[in-house]
Amino acid sequence: MMKEYAPSCDRNSRVILDVLKPVLACSRCVLEIGSGTGQHAVYFAEGLPHLQWQPSNKESLGSINAWREESQLQNISPAMSLDLLSPVDEQLTSLTGVDAMVCINTIHIMAWQGTEKLFELASEILPIGGVIYVYGPYRYSEYPLEQSNESFDLWLKDRDPASGIRDFDQVDSLAKRAGFELQGDIAMPANNRSIWWVKP
653 MMKEYAPSCD RNSRVILDVL KPVLACSRCV LEIGSGTGQH AVYFAEGLPH
703 LQWQPSNKES LGSINAWREE SQLQNISPAM SLDLLSPVDE QLTSLTGVDA
753 MVCINTIHIM AWQGTEKLFE LASEILPIGG VIYVYGPYRY SEYPLEQSNE
803 SFDLWLKDRD PASGIRDFDQ VDSLAKRAGF ELQGDIAMPA NNRSIWWVKP
């Protein structure tokens, strides 16, 4: 399988890693939701050698594994097929030991039900002290959406009416209902955000 390539991963990997280093300093095994091409998995596994990185995706498993095999990194597990909109219980058997979850540029792509399932899964598998980190664009009630994100949101909805830039307050409410507390919300380049919650 040929490796797929996303230029955006090259643009944002370094700045995301700078945030993940302190956020995941005490973590040991990370489940990445929506691993896409596999570029992030390789970059973060190399930059966070104390972690075992478990990539997952509904599609593109061949590309993820091609990136993994080329890297020869021992702390990346083979990509697993994970569909948040299918019954979660059937997909938990190989997730033992996961104490953090990472979800990059995925919440605005998948349907809202997928975001609900994301936090349900986090609540079920993460231990006390577990971290869930998300990255991407968000709407905030206290200020208008940036023009670039307005255009991006229209493009997303034209492509798939179920997708779109999510409201931060709604996502934070899901996290709270799932038993998580907001720990950080940082502005990132290109009008993106790094946001993470911890299970107290």
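Using my numbering, read the sequence shown as starting at 653 and increasing by one per residue.
Cβ coordinates follow ideal geometry from the N, Cα and C atoms, glycine included.
Backbone secondary structure at residue i - three-state DSSP
i: N843; result: helix
i: E656; result: coil
i: A780; result: According to the sequence provided, residue 780 is Ile. The question's Ala does not apply to it. Three-state result, I780: coil.
i: P674; result: helix
i: E798; result: coil
i: A827; result: helix
i: D662; result: helix
i: A814; result: coil
Contact under 8 angstroms by Cβ, residue i with residue j
i: I756; j: Y787; result: yes
i: A658; j: Q706; result: no
i: R666; j: L703; result: no
i: S825; j: I668; result: no
i: V675; j: W848; result: yes
i: S687; j: S708; result: yes
i: V694; j: R720; result: yes
i: S712; j: H760; result: no
i: I780; j: P701; result: no
i: G836; j: S775; result: no
i: V671; j: I817; result: no
i: S733; j: K710; result: yes
i: S800; j: N844; result: no
i: Y929; j: F820; result: The question about residue 929 has no answer here: the residues shown for the chain are numbered 653 through 852.
Nearest-angstrom Cβ-Cβ length linking residue i and residue j, presumed shorter than 8 angstroms
i: T758; j: I685; result: 6 angstroms
i: L737; j: L770; result: Contact doesn't hold; Cβ gap of about 10 angstroms is too wide.
i: D751; j: L778; result: 6 angstroms
i: A731; j: I716; result: 4 angstroms
Beta-bridge partners of residue i, as assigned by DSSP
i: R833; result: Contrary to the premise, residue 833 reads as Glu rather than Arg in this sequence. Its beta-bridge partners are V850.
i: D819; result: R791
i: I838; result: S846
i: V786; result: C755 and I847
Identify every run of the alpha helix (DSSP H) within the segment 678-766, keeping only runs that are complete inside it and at least 4 residues long; order them along the chain.
691-699 and 713-723
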